[in-house]
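*Asks:*
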Amino acid sequence: MMEEHLPDAAEVARLVQDVVPGVHAADIRPIGEGGDHASWWVGPDHVARCALDSGGSERLRRELALRELIGDRLGVPVPQSVANGNWARGRAFTLDTRLDGVSAEQRPVPAAGEDDLARLLVGLAQVPVADAEALGVPPEAPRNMPGLLRRASAAAEAVAARGEFDTAWLPRLRVREAEEATAPASLVHNDLKGEHLLVAGDGRISGVLDWTDAVTGDAAEDVAGLAISVGAVAAVRIATAAGFDRGACARALQLARCDTLTLLSDRLSGQDDSPLPLLRTQLRRAWEPTALDGPGQHS
Numbered sequence: 001m002m003e004e005h006l007p008d009a010a011e012v013a014r015l016v017q018d019v020v021p022g023v024h025a026a027d028i029r030p031i032g033e034g035g036d037h038a039s040w041w042v043g044p045d046h047v048a049r050c051a052l053d054s055g056g057s058e059r060l061r062r063e064l065a066l067r068e069l070i071g072d073r074l075g076v077p078v079p080q081s082v083a084n085g086n087w088a089r090g091r092a093f094t095l096d097t098r099l100d101g102v103s104a105e106q107r108p109v110p111a112a113g114e115d116d117l118a119r120l121l122v123g124l125a126q127v128p129v130a131d132a133e134a135l136g137v138p139p140e141a142p143r144n145m146p147g148l149l150r151r152a153s154a155a156a157e158a159v160a161a162r163g164e165f166d167t168a169w170l171p172r173l174r175v176r177e178a179e180e181a182t183a184p185a186s187l188v189h190n191d192l193k194g195e196h197l198l199v200a201g202d203g204r205i206s207g208v209l210d211w212t213d214a215v216t217g218d219a220a221e222d223v224a225g226l227a228i229s230v231g232a233v234a235a236v237r238i239a240t241a242a243g244f245d246r247g248a249c250a251r252a253l254q255l256a257r258c259d260t261l262t263l264l265s266d267r268l269s270g271q272d273d274s275p276l277p278l279l280r281t282q283l284r285r286a287w288e289p290t291a292l293d294g295p296g297q298h299s
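The numbering used here puts the sequence shown at residues 1 to 299.
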């Protein structure tokens with residue numbers, strides 16, 4: 001059995017030298033390990049991603065096929081692979097073009113960017129589910145809301161006891177119409193964190209990254225991702241512009257609020273190693289009062 005290891009800069013340079021002539025180890029800079037792959041800047045124009053196990057390799061190969069399917073349909077850029085294969089036996093890699101812009105965690109998303117995100121949601125809904133699933137994108141059933149609410153309610157007590165949550169916000173946990181909302185399955189990015197959204201200097205969305213977690217299922221999951229990335233108010237505005245009804249927006253807010261509470265609780269209890277400042281920021285965004293919240297909660 002092959003010993004587990006991360007590729008080093010010299011290995012990455014050897015992988016990409018045919019596509020990036022003259023590249024040296026000194027031109028390879030780690031972005032950091034993200035989930036199931038290691039990522040590297042390759043000079044000024046490329047990004048290399050290397051899967052670390054068979055499951056990650058399967059997801060990375062599936063992402064390459066999915067990006068080919070959706071590239072011209074979304075109205076926002078996705079990375080393009082200029083080389084791919086295995087960096088070690090059974091371990092996949094891709095060398096992608098580097099897109100302009102910086103993370104939405106570092107740059108606000110103005111109105112022009114919100115328009116792009118609405119187009120993204122519309123484009124995802126228009127991708128035939130059968131086409132995505134034919135590439136291996138897995139179907140995923142909508143999450144069980146009663147179970148999420150039970151976990152989130154318990155987490156709220158634990159987080160409030162640590163001074164990390166204002167219990168006056170609790171009426172916003174249950175959003176009217178959220179639990180009755182239904183919608184046909186669609187292609188879902190399923191990880192629309194701020195780090196996966198690139199924002200250009202003019203405020204436009206210049207890239208949507210990392211499609212390895214894509215599924216077919218509940219489109220409210222992507223709106224929930226936007227709630228933790230750009231805020232609940234903006235997420236509802238974006239989703240409404242994309243044609244989501246009140247129930248779908250309510251479900252998305254409820255998902256985001258449940259998730260931010262449970263993730264912060266897990267981090268505070270030592271069950272998770274996500275950056276604490278980021279989790280606090282995501283919770284604050286998702287719990288912004290909106291017009292979908294009850295009387296006295298949107299003022």
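All C-beta atoms in this analysis are idealised placements derived from N, C-alpha and C, irrespective of residue type, glycine included.
Since the structure is predicted, the reported quantities are computational estimates derived from the model, not experimental observations.
(1) Report yes if the C-beta distance between residue 100 and residue 206 is below 7 Å; otherwise report no.
(2) To the nearest angstrom, how far is it from the Cα of residue 212 to the Cα of residue 52?
(3) Which same chain residues, not among the five before or five after residue 132, have their C-beta less than 6 Å away from its C-beta?
(4) Do you know how far the Cα of residue 239 is from the Cα of residue 169?
(5) Just mark residue 225 as buried or exposed, buried being the case when its beta carbon has 16 or more other beta carbons within 10 Å.
(6) Leaving out five residues on either side along the sequence, give the residues of the same chain with a beta carbon under 7 Å from the beta carbon of residue 87.
(7) Could you give the distance in angstroms between the alpha-carbon of residue 185 and the alpha-carbon of residue 219?
(8) Using a Cβ-Cβ cutoff of less than 6 Å, which residues in the same chain neighbour residue 61 once the five nearest sequence positions on both sides are dropped?
(9) How would you call residue 121, buried or exposed, if buried means at least 16 neighbouring beta carbons within 10 angstroms?
(10) Using the three-state DSSP reduction, which class does residue 10 fall into: helix, strand or coil?
(11) Do residue 204 and residue 113 have their beta-carbon atoms positioned less than 7 Å apart in this structure?
(12) Give the range of the beta strand (DSSP E) segment to which residue 98 is assigned.
(13) Considering only residues of the same chain and omitting the five flanking positions on each side of residue 136, which have a CB-CB separation below 8 Å?
*Replies:* The short version:
(1) yes
(2) 13 Å
(3) 187, 216
(4) 23 Å
(5) buried
(6) 7, 11, 15, 50, 93
(7) 7 Å
(8) 92
(9) buried
(10) helix
(11) yes
(12) No beta strand (DSSP E) holds residue 98; DSSP gives it neither H nor E.
(13) 58, 62, 65
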